[in-house]
Amino acid sequence: MIWFIRRNPRIVIGGALVTLLLLVALAAPFVAPYDPVEVDVSRSLLPPSPEHWLGTDDLGRDVLSRVIWGSRVSLSVGVISVSIGFIIGVSVGLLAGYLGGLVDLIAMRAIDALLAFPALILAIAITAALGPQLQNAMIAIGVVAIPLYARLTRGQVLSVRERDFLTAARTVGVPPTRLVLRHIFPNITNPLVVQATLSTAFAILAEATLSFLGLGAQPPTPTWGADIFYSQRWLTNLKWWMSVGPGLGIFLAVFAFNFLGDALRDALDPRLRRSA
Amino acid sequence: MGGYILRRLLLMVPVAFLVTIIVFALIHLSPGDPLVIYAGEERDEAVIAVLRHEYGLDQPLPVQYVVWLEHALRGDLGRSLRTHQPVVEAVVERVPATFELGLAALFISVSIGLVVGTLSAVKRNSPLDLLATGFTIAGVSLPNFFLGLVLILVFSLAIRLFPPGGYAPLFGEPVDNLRHLVLPAVTLATASLAVNTRQIRSSLLDTFGQDYVRTARAKGLSEAIIVARHAMKNALIPVVTIIGLQVGAIIEGAIVTEQIYSWPGIGKLAVDSIAGRDYPVVQTIVLLSALSYMFTTLVVDVLYAWLDPRISYGRARS
Amino acid sequence: MVAETRRLTRREFLVATGALAAVACSPAAPGASPSGTAGKAKYGGTVTMALENDVVDFDPLKSRAFVDRNIYYQIYDSLVRVDEDGKIIPWLATKWDVASDQKSVTFTLRDDVTFHDGTKFDADSVKWNIERYIKTQGSQRAGELASVASVDVVNPTTVKFTLKSPFSPLLANLVDRAGMMISRKAFEAIPSADDFDRKAFKAGSGPFMLTEAVKDDHITLEKNPNWWGTDGGNKLPYLDKITIRPITSSDVRFTNLRTGDAHVANNIAGKDVPTAKSDSSLNYQEKPAYSFRSLIPNRAKGFVFEDARNVKAVSMAIDRQELLEKGYFNLGVVGYGTIAPKHFAYDPSFKPYEKADAAGAKALIQQVGKPLTFDLLIASGDPVGLQLAQLIQAQLKKADITMNIQQLEFAKILDLQSAHTFKDMAFTGWSGRVDPDGNTYDHVYTKRPFNDSSYSNADVDKFLDQERATSDESARKTAFRSAEKIYVVDDPARVWLGFGAAQLLTSKKVKAPPVYPDQIVRYHLMSMAS
Chain W
58 MIWFIRRNPR IVIGGALVTL LLLVALAAPF VAPYDPVEVD VSRSLLPPSP EHWLGTDDLG
118 RDVLSRVIWG SRVSLSVGVI SVSIGFIIGV SVGLLAGYLG GLVDLIAMRA IDALLAFPAL
178 ILAIAITAAL GPQLQNAMIA IGVVAIPLYA RLTRGQVLSV RERDFLTAAR TVGVPPTRLV
238 LRHIFPNITN PLVVQATLST AFAILAEATL SFLGLGAQPP TPTWGADIFY SQRWLTNLKW
298 WMSVGPGLGI FLAVFAFNFL GDALRDALDP RLRRSA
Chain H
20 MGGYILRRLL LMVPVAFLVT IIVFALIHLS PGDPLVIYAG EERDEAVIAV LRHEYGLDQP
80 LPVQYVVWLE HALRGDLGRS LRTHQPVVEA VVERVPATFE LGLAALFISV SIGLVVGTLS
140 AVKRNSPLDL LATGFTIAGV SLPNFFLGLV LILVFSLAIR LFPPGGYAPL FGEPVDNLRH
200 LVLPAVTLAT ASLAVNTRQI RSSLLDTFGQ DYVRTARAKG LSEAIIVARH AMKNALIPVV
260 TIIGLQVGAI IEGAIVTEQI YSWPGIGKLA VDSIAGRDYP VVQTIVLLSA LSYMFTTLVV
320 DVLYAWLDPR ISYGRARS
Chain R
96 MVAETRRLTR REFLVATGAL AAVACSPAAP GASPSGTAGK AKYGGTVTMA LENDVVDFDP
156 LKSRAFVDRN IYYQIYDSLV RVDEDGKIIP WLATKWDVAS DQKSVTFTLR DDVTFHDGTK
216 FDADSVKWNI ERYIKTQGSQ RAGELASVAS VDVVNPTTVK FTLKSPFSPL LANLVDRAGM
276 MISRKAFEAI PSADDFDRKA FKAGSGPFML TEAVKDDHIT LEKNPNWWGT DGGNKLPYLD
336 KITIRPITSS DVRFTNLRTG DAHVANNIAG KDVPTAKSDS SLNYQEKPAY SFRSLIPNRA
396 KGFVFEDARN VKAVSMAIDR QELLEKGYFN LGVVGYGTIA PKHFAYDPSF KPYEKADAAG
456 AKALIQQVGK PLTFDLLIAS GDPVGLQLAQ LIQAQLKKAD ITMNIQQLEF AKILDLQSAH
516 TFKDMAFTGW SGRVDPDGNT YDHVYTKRPF NDSSYSNADV DKFLDQERAT SDESARKTAF
576 RSAEKIYVVD DPARVWLGFG AAQLLTSKKV KAPPVYPDQI VRYHLMSMAS
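Below, the structure written as structure tokens:
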């Protein structure tokens, strides 16, 4: 344990940050000092104080409580959309890589077409088409992530496919599904874990951007991006705390996953380290 | 080389075709009848039926797609539902503002990235290097709309150095234009700057480990000469790739940045059009951003192959 | 909360509907200015205006947006205009005579007017313009001119409108877009009407000429050196050039004025008014407007608000004073119906929902027998509307009413409203008209265009018919008040929340004209401060 910490201090720090975030999100009802949606205009626009660490907004809601509850939305979008991208992307990649031929050709052209769009623009276009809702934002961010996993998986499958142990396994008649699950998949998990961590960071950032543009969760649900959009008009009156709270929330969450992903990449995937 | 470019161009054709299908499908996925809006509030079912026929919207989707594609290939992408302006004209009008903002951001992110990245590679593990590394991860983690608001708060509202938004034409009021440009350009540049700095640093470190640099060192050449003459040239190859890929990041970033600063470019047009359900405009912007992104990727790959003869022309883009 | 009101008035048509004024024809005033800004004003100078949105259409025939009118008043002249108090004054027409049977109106026109492209304005121009507004398919002006049977040229300076039936609001309609004149030559020079709509350069006859329009970037208006208007002997206009920059964010507009990057704005958020007043580089003017703020229930069959008691319960549960203070930041006044304090028919003692009454609302819902839960539609991308909606949500909660907020694109809400298919309730306002008829008739009379709540009450219709049929002020007053009591209290058509304010924020570098209740800046009277 101590050896691991000394060997990989960045993984430990990143992991601790991510764990802390997850804990806060899970324990939001107990950690948040106030009800995040309760309106009480008699205490509106209060600057930070011992009662309200991050002040209150124009409806008298406690900003800190909204930031804490906002972490739930952000992290669940991160987890769900990355799962969508991961499951579909890895399946496509495995199939394409393992089967090859026409399947591979068609799948990869489709992936190329998805990659042809700047990721955020595609996510915005999909959400706008499906309608501004949290689950549509999740789907959009998930779809955008598919090509990354598909490419990564396919590349790894191609590189291990012709290895001796697989050829041997195939010769002795191991069924293809088992071959994939037992022999190919374990060989490609490391880069996938790195990718998943990094794309959680992207997903959180993308969700924040979508809700900043009004395409995410609807009010009064506390979400970081929408809260910044909502609060920005108060900047001219120098009520900065309303925007700074959720802004720091996004920053910390994205930073934590980026930091962890970066550290994992260095530790798990020496091949990628050079270009890190 | 010519053969390589040709092959890449041919490969682009099926992808571009799929891209148009995705764009077309996206718009027709969305619920709601665009014509109802187009017809205005005093609409009449009979008039709408005529219009629907006129616009071919009563045809099956594949037919509509072919018609749309055919018009698009002729440069006719319809008229904006909001302003009745031809879509192509509306988009082209906005290109200069976005182009200016993008170039400024690219300039900032590349020039500062080069300086800081080089310094941090040369003085590896120095406090400066650590600080720069910390900043780069922070830079990519900071949402640009939040950074934008902080910059407005500090530089427009607190010390009133730059305007908080708006635009002045470059030709006509150049000084005013630059004043308006500073904050959005910095906002847009930050994320790319982080990526660039990091990329330059690691590719320099990579070349430092190569044999010819070691030879140069052994010959007693000064570090400055080694960096400038030997390492930099080779290290720039992956940097070209990264800069090329920045184009995508800048197109993405422009959406939010232009919105925050009321900068009248493509990004703001996109957001306004989404809010106004102006499908022809949204469709065109999504299509154009995909095509220009594909095109830059191609250019980057060609440059890459040209800069580094070791790379086989058959290499797929990563 | 003007931003919201403005956004919600895109479909409005005209500035003044003065049934009375049409009859009480005023003598031809010699100058353009009703107010005495005269003296030794300074000529020259360029001002920049921060406008809340880009102009949608330059052709008055197509216009549905409030922003358009901010430009139109500078570049187009209309047959008549209104003064600061909403009284109709001569403009292109120096006088008008209404026939005794009220079935025709004869206008005498100015003889010294040329369009910006050099063609002369005369009776033929009027005939061509009015016929274009009436006959063009898809004309937004057709409804306002529906009563006109024909327009006949008597001689070059006399034109006669023949009406299908007496229609007292006609003159008031000619104040705004339906009475605006464009040059036939300029229009016909551009083959596509869609293109003219975007490039109507030098097509009007107003104090300024449209010379440049770059979508969402800027609009340039240059001085018309040959304009006919004068101000106490001074030839108008004073300014050389107006640059109009569309800036959608109220905060950015306000900051642009504070930093001196813009000189004029007519719409800033209520929260910024105290700062505007205390800023020594700025001049802030405010005047009560005719605009109202309202929640529109869908009272059609099968919707939750079909039952009038549910509408009334919402109206009772809302604390309008708190809304004004904490939501609108004291911009405007509390109100309960359509007749604003500045209207002649206003009744200051009419305060049906003065105190929020959660208990009363609960009792009413109990009577209905089903807990009240509904959706409120608000325009997306509007933090101001969002704050108000959440405030209302909290107020209703005290009466056990559950209100869910739905954000939709503004255009989509308008569609649903005019189709009468929106679910439950929508939050929209009205920019206001100088005559209470313009605030009321089309909104609550059975099947009228802005009667989005599908409201129908025979007594209300009867009283409003009476109000239109007479020109006697006290009779109209009685009819209006009787109707208002029904559509606000007995059988509520909507939940009205209050009335708005007209604003004019200017830099001290310019000498500002007075603010008009119609909220449009009179640039022909503006000059640089000496």
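For the record, the sequence lines run as chains W, H and R.
All residue numbers in the first sequence are consecutive under the numbering used here, ending with 333.
All residue numbers in the second sequence are consecutive under the numbering used here, ending with 337.
All residue numbers in the third sequence are consecutive under the numbering used here, ending with 625.
We treat Cβ as the ideally placed atom computed from N, Cα and C, and that holds for glycine.
Source: prediction; values computed, not measured.
| Query | Result |
| --- | --- |
| Given that D115(W) touches chain R, what residues does it touch there, using C-beta distances under 7 Å? | Q482 |
| Using 8 Å as the Cβ pair cut-off and three pairs as the minimum, do the stretch 387 to 400 of chain R and the stretch 516 to 525 of chain R touch? | yes |
| Does the stretch 481 to 488 of chain R come into contact with the stretch 446 to 464 of chain R, if we say contact requires no fewer than three beta-carbon pairs (one atom in each stretch) closer than 8 Å? | no |
| Give the range of the beta strand (DSSP E) segment to which Q502(R) is assigned. | T497 to L503 |
| Does DSSP put T246(W) in a helix, a strand or coil? | helix |
| For the putative contact between F262(R) and S245(R), defined by C-beta atoms under 8 Å, what is the C-beta separation to the nearest angstrom? | Contact flag wrong, Cβ pair sits at about 14 Å. |
| Note down, in chain order, each residue of its chain lying with its Cβ closer than 7 Å to the Cβ of L209(W), except the 5 sequence neighbours on either side. | G150, P248, L249 and Q252 |
| Would you kindly check if the distance between the Cβ of Y186(H) and the Cβ of D312(R) is under 8 Å? | yes |
| Measure from the C-beta of I500(R) to each C-beta in chain W and report whether the shortest distance is under 8 Å. | yes |
| Could you check the C-alpha separation between I178(W) and G271(W) for me, to the nearest Å? | 15 Å |
| Using 10 angstroms around the beta-carbon of D567(R), count the other beta-carbons present and answer buried if the total reaches 16, otherwise exposed. | exposed |
| Report buried or exposed for H90(H), applying the criterion of at least 16 other Cβ atoms within 10 angstroms of its Cβ. | exposed |
| Which runs of the beta strand (DSSP E) at least 3 residues long sit entirely within the stretch 432 to 476 of chain R? Give them in chain order. | 468 to 474 |
| Please compile the residues from chain W whose C-beta is within a distance smaller than 8 Å of the C-beta of Y312(H). | A173, F174 and P175 |
| Our contact map puts S386(R) next to G595(R) with C-beta atoms below 8 Å; I'd like the distance itself, whole angstroms only. | 4 Å |
| Could you list which residues in chain H have their beta carbon closer than 8 Å to that of D292(R), in chain order? | H103 |
| Does DSSP put V32(H) in a helix, in a strand, or in coil? | helix |
| Once DSSP output is grouped into helix, strand and coil, what is the label at R663(R)? | This structure does not reach residue 663(R), given that chain R is present from 96 up to 625, and the question cannot be answered. |
| Is it the case that the stretch 193 to 205 of chain W contacts the stretch 252 to 261 of chain W, given that we only count it when at least three CB pairs across the two stretches are under 8 Å? | yes |
| For chain H, find out if any of its Cβ atoms is closer than 8 Å to the Cβ of T76(W); answer yes or no. | no |
| Taking only three categories from DSSP, how would you classify Q190(W)? | coil |
| Skipping 5 residues on each side, what residues in its chain have a beta carbon closer than 7 Å to that of P122(R)? | For P122(R), the predicted structure reports a pLDDT of 35, less than 50, and the residue's modelled location is therefore unreliable. A value from the coordinates is still provided. Taken in chain order, the residues that qualify are K190. |
| Using a C-beta cutoff of 8 Å, does L240(H) count as contacting chain W? | no |
| Shortest alpha-carbon distance to L76(H) belongs to which of R101(H), L96(H), H47(H) and I24(H)? | H47(H) |
| How is M276(R) classed by DSSP in three states: helix, strand or coil? | coil |
| Where do the N-terminal and C-terminal ends of the beta strand (DSSP E) with G593(R) fall, by residue? | V590 to S602 |
| Which word fits I144(W), buried or exposed, when buried means at least 16 other C-beta atoms lie within 10 angstroms of its C-beta? | exposed |
| With E112(H) as the anchor, note down where its alpha helix (DSSP H) starts and where it stops. | V106 to V141 |
| How many Å lie between L240(R) and L258(R) at the Cα? | 9 Å |
| Hey, out of A208(H), L202(H) and L138(H), whose CA is closest to L168(H)'s CA? | L202(H) |
| Taking Cβ-Cβ distances below 7 Å as the criterion, which residues of the stretch 460 to 478 of chain R are in contact with chain W? | S475, G476 and P478 |
| Note down, in chain order, each residue of its chain lying with its Cβ closer than 8 Å to the Cβ of P286(R), except the 5 sequence neighbours on either side. | none |
| Of the choices L28(H), G132(H) and A124(H), whose alpha-carbon is the least far from that of Q372(H)? | Because chain H here runs from 20 to 337, residue 372(H) falls outside it and cannot be looked at. |
| Could you check whether S158(R) and Q235(R) sit closer than 8 Å to each other, using their CB atoms as the reference points? | yes |
| Hey, how far is the Cα of G286(H) from the Cα of T315(R)? | 24 Å |
| Once DSSP output is grouped into helix, strand and coil, what is the label at I285(W)? | helix |
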